[in-house]
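Heads up: the structure comes next, in structure tokens.
In my numbering, the protein residues as written are 5 to 211.
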């Protein structure tokens with residue numbers, strides 16, 4: 005659609021201090037005229053994420069980075085949502101990993117909560133990964149998109165690829181977790197890939 009603002013290439017601030025996320029976003033944008041630089045590399049402060057949705061938090065991060073760096077910025081707010089836990093951890097997915105971002109603790113907490121809720125069979129362990137992406141310009145213009153992928157929470161964690169909750173998420177139609185998949189396979193069908201397809205169709209010119 006022509007009413008979306010286009011990104012015209014060059015440097016793009018990835019508004020994240022998570023190296024795994026920055027790497028994955030760089031891989032997803034490899035086919036475009038983009039030079040990703042992370043907020044961490046630029047020494048940008050991390051804004052308070054006090055939105056109540058993934059998109060609200062993505063917009064807070066992207067706008068803060070765009071204004072601080074005076075460059076176009078892309079942010080991702082993503083999380084793991086368990087149906088048996090009414091969507092938790094959801095927007096608090098990173099916080100469940102604690103101040104040290106220890107996702108082995110976060111995955112154990114998810115499993116403990118599932119066990120307490122009685123979600124012990126696969127049909128009660130349905131889950132989603134959700135990803136909101138926001139592209140923000142220093143003048144305050146923003147474009148936001150949300151993607152998702154459905155699957156099942158598994159235990160114990162499996163695989164050493166990916167990051168975050170990937171070792172305990174098995175997408176529908178597969179018998180491997182995100183952390184057991186090669187990055188190319190995950191990028192083809194993940195929540196982030198879904199959101200990126202929408203973003204790229206709207207805001208990027210294919211080379």
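Glycine included, each C-beta is placed from N, C-alpha and C at the ideal position.
Practice problem: Out of 35, 71, 33, 181, point me to the one whose CA is closest to residue 51's CA. | Solution: 71
Quiz item: Which residue spans inside the segment 154-195 form an unbroken beta strand (DSSP E) run of at least 3?
Solution: 173-175
Exercise. Please name the residue or residues paired with residue 146 in a DSSP beta bridge.
Key: 140
Practice problem: Mind reading off the beta-carbon distance from residue 195 to residue 151? Whole number of angstroms is fine, and I expect it under 8 angstroms. | Solution: 5 angstroms
Quiz item: Which residue comes first and which comes last in the alpha helix (DSSP H) that contains residue 23?
Solution: 23-32
Quiz item: Leaving out five residues before and five after residue 48 in sequence, what residues of the same chain have Cβ atoms less than 6 angstroms from its Cβ?
Solution: Excluding sequence neighbours, residue 48 sits near 69, 72.
Quiz item: So which of 76, 77, 93, 78 has the shortest CA-CA distance to residue 84?
Solution: 93
Quiz prompt | Candidates 169, 149, 145, 144: closest to residue 155 by CA position | solution = Closest by alpha carbon: 169.
Quiz item: Does DSSP put residue 126 in a helix, a strand or coil?
Solution: Shown here, residue 126 sits in a helix according to DSSP, grouped into three states.
Quiz prompt | Residue burial classification, residue 11 (beta-carbon count within 10 angstroms, cutoff 16) | solution = With a 10 Å radius around the Cβ and a threshold of 16 neighbouring Cβ atoms, residue 11 comes out buried.
Quiz item: Ends of the beta strand (DSSP E) at residue 54?
Solution: Here residue 54 belongs to no beta strand (DSSP E), and DSSP marks it neither H nor E.
Quiz item: Mind checking whether residue 197 and residue 140 have CB atoms under 8 angstroms apart?
Solution: With a cutoff of 8 angstroms on beta-carbon distance, residue 197 and residue 140 are scored as not near each other.
Quiz item: Can the beta-carbon of residue 180 be found closer than 8 angstroms to that of residue 114?
Solution: no
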